[in-house]
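Q: Mind the numbering: the sequence shown is residues -19 to -1, 1 to 329 in mature numbering (1 follows the signal peptide of the UniProt record, and there is no 0), read in order.
Even glycine gets a Cβ: it sits at the ideal position worked out from N, Cα and C.
Here the structure is a predicted model, which means the values were calculated and not measured.
Take this structure first; my questions come after.
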Amino acid sequence: MRSAAVLLTWPACIKLGAGVGLQSAALRVPGEGGELKRGNNRGNRLETRRRSMETSQPHSAESMSQDLSELLKEATKEVHEQAENTPFMKNFQKGQVSLHEFKLVTASLYFIYSALEEEIERNKDNPVYAPVYFPAELHRKAALEKDLEYFYGSNWRAEIPCPEATQKYVERLHYVGKKHPELLVAHAYTRYLGDLSGGQVLKKIAQKALQLPSTGEGLAFFTFDGVSNATKFKQLYRSRMNALEMDHATKKSVLEEAKKAFLLNIQVFEALQKLVSQSQENGHAVQLKAELRTRNVNKSHENGPAAGKESERTSRMQADMLTTSPLVRWILALGFIATTVAVGLFAK
């Protein structure tokens, strides 16, 4: 499903006003058509992906004469498929997504889009980006704020998490916006055109799987009120992008940055998957503790009121001993030993 959107996919990632903007792992595999450390093996896999992409798509002078939109589509084909095939995205496309997972994704997307749109605003008059500046039609930060308030409440800014992988994405966006603004088009293409394509499919999946209101609460991210016809708008966007003045070296850099954007998305998905797994394990541990407490209560009831009271007294005595000072515990221990010895001598 080449058009599927990448659902990206926590402490705030950096000051929001100063440039936090990680896309909380928006619900989509970026593109049309930071990260939690997981050891050397994972790092090697990511490095292998990066190298394979660099060598699998030779950028000859002849190929650079093509339209930028076509070059981007072709250059990101392999990494786009990798993003779609992450466990997180595969489960999501099957409708196997929990409310907890969806909230985490939305939070990450908020950080990502906050950063992206901050840098877009910084460069809106720069000729390397200005032709594809469509804030009313595309910008997602305000929509994500509505969704987060719906899911987390009015105090959502203090509640949402920002994983390391998301922060890494945010930092890259700020770096590009400040140092290499010509590369912003790669990130905008990867995110926004994906949102307009596969994102609409994921919206329906999320609404059904999470039983969200038909009126659209919690799904503002997927709603583009400023775009009346997605197909025509994407055609306009591509034509503007193709008209950007770029030499061969700049085009090559844009293609490499688009691949990097996909890799950042993959890392966010992997981080989200890990967080969800840890959350499930912690929930299981809490459940076991609750079961153990229930078993102890039931056991006391089975043994009758007297046994229950005796167990309660014993628990209180144990708690009292735990809260006494070390000196008192030593005195009690020595007293117990002396009593034991005396009883032993008496028995002889």
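Between which residues of its own chain and LEU165 is the CB-CB distance below 7 Å, once the five residues before and five after are set aside?
A: Here residue 165 refers to the residue found at position 184 when the sequence shown is read from its first residue. Closer than 7 Å at the Cβ level, and outside the excluded window around LEU165, lie GLU100, ILE101, ASN104, TYR110, VAL157 and GLY158.
Q: Would PHE69 and PHE243 be called neighbours here (beta carbons separated by less than 8 Å)?
A: Position 88 of the sequence shown holds residue 69. Position 262 of the sequence shown holds residue 243. Result no, Cβ atoms of PHE69 and PHE243 do not sit closer than 8 Å.
Q: For SER234, which beta-bridge partners are listed by DSSP?
A: For the purposes of this step, residue 234 is taken as the residue at position 253 of the sequence shown. Beta-bridge pairing links SER234 to no other residue.
Q: Residues in the same chain with beta-carbon distance under 8 Å from LEU193, minus the five sequence neighbours each way, listed in chain order, please.
A: For this step, residue 193 is matched to residue 212 along the sequence shown. Hits under 8 Å: ALA187, GLY199 and LEU200.
Q: If I follow the unbroken alpha helix (DSSP H) through THR87, where does it start and stop?
A: Stepping through the sequence shown from its first residue, residue 87 is reached at position 106. Counting along the chain, the alpha helix (DSSP H) containing THR87 begins and ends at 80 to 103.
Q: Whole angstroms is fine: what's the gap from PRO116's alpha carbon to TYR170's?
A: Here residue 116 corresponds to residue number 135 of the sequence shown, with the count starting at 1. Here residue 170 corresponds to residue number 189 of the sequence shown, with the count starting at 1. Cα to Cα, PRO116 sits roughly 14 Å from TYR170.
Q: Contact check, LEU49 vs LEU225 under 8 Å by CB: the rounded distance?
A: Taking the first residue of the sequence shown as 1, we reach residue 49 at position 68. Taking the first residue of the sequence shown as 1, we reach residue 225 at position 244. Right, their Cβ atoms sit about 7 Å apart.
Q: Closest to LEU150 by C-alpha separation, out of GLU55, GLU238, GLU130 and PHE214, would be which residue?
A: Here residue 150 refers to the residue found at position 169 of the sequence shown. Here the sequence assigns Tyr to residue 150, which means Leu is not the residue at that position. TYR150 has its Cα closest to that of GLU238, out of GLU55, GLU238, GLU130 and PHE214.
Q: Quick one: is ALA96 buried, meaning 16 or more other Cβ sit within 10 Å of its Cβ, or exposed?
A: Position 115 of the sequence shown, counting from 1, holds the residue named residue 96. When all chains shown are included, ALA96 counts as buried.
Q: Please list the segments of the alpha helix (DSSP H) lying wholly inside the segment 123 to 209, counting only runs of 4 or more residues, in order along the chain.
A: Taking only runs of at least 4 residues, the alpha helix (DSSP H) segments lying wholly in the segment 123 to 209 are 137 to 140, 145 to 160, 165 to 169 and 180 to 190.
Q: Taking C-beta to C-beta, are ALA88 and ALA252 nearer than 8 Å?
A: Along the sequence shown, read from residue 1 onward, the residue named residue 88 stands at position 107. Along the sequence shown, read from residue 1 onward, the residue named residue 252 stands at position 271. No, they are not a contact pair.
Q: What's the gap between the Cα of GLU126 and the Cα of HIS229?
A: Reading the sequence shown from its first residue, position 145 is the one you call residue 126. Reading the sequence shown from its first residue, position 248 is the one you call residue 229. Using only the alpha carbons, I get a separation of about 39 Å.
Q: Helix, strand or coil for LYS75, going by three-state DSSP, please let me know.
A: The sequence position of residue 75 within the sequence shown is 94, counting from 1. Residue state, collapsed to three classes: coil.
Q: If the criterion is Cβ atoms closer than 8 Å, does the pair GLU118 and GLY180 meet it?
A: Residue 118 sits at position 137 when you count from the first residue of the sequence shown. Residue 180 sits at position 199 when you count from the first residue of the sequence shown. No, they are not a contact pair.
Q: Suppose contacts are defined by Cβ-Cβ distances below 8 Å. Is ALA124 in contact with PHE214 by that definition?
A: Indexing the sequence shown from 1 puts residue 124 at position 143. Indexing the sequence shown from 1 puts residue 214 at position 233. Not closer than 8 Å, so no.
Q: With C-beta atoms as the reference, is TYR94 less than 8 Å away from LYS122?
A: Within the sequence shown, residue 94 is the residue found at index 113, counting from 1. Within the sequence shown, residue 122 is the residue found at index 141, counting from 1. Cβ atoms of TYR94 and LYS122: closer than 8 Å.
Q: My guess is that VAL78 and ALA190 are in contact by the Cβ rule of under 8 Å, so how many angstroms apart are they, rounded?
A: By 1-based counting over the sequence shown, the position of residue 78 is 97. By 1-based counting over the sequence shown, the position of residue 190 is 209. Right, their Cβ atoms sit about 5 Å apart.
Q: In angstroms, rounded to a whole number, what distance separates the CA positions of ARG276 and GLU62?
A: To locate residue 276, count along the sequence shown from 1; it is residue 295. To locate residue 62, count along the sequence shown from 1; it is residue 81. With a pLDDT of only 40 at ARG276, under 50, the local geometry of the prediction cannot be trusted, and no value is derived from it.
Q: Going by Cα to Cα distance, which pick from GLN254, LEU183, GLU163 and LYS241 is closest to GLN74?
A: Translated into positions along the sequence shown, residue 74 becomes position 93. Among GLN254, LEU183, GLU163 and LYS241, the Cα nearest to that of GLN74 belongs to LEU183.
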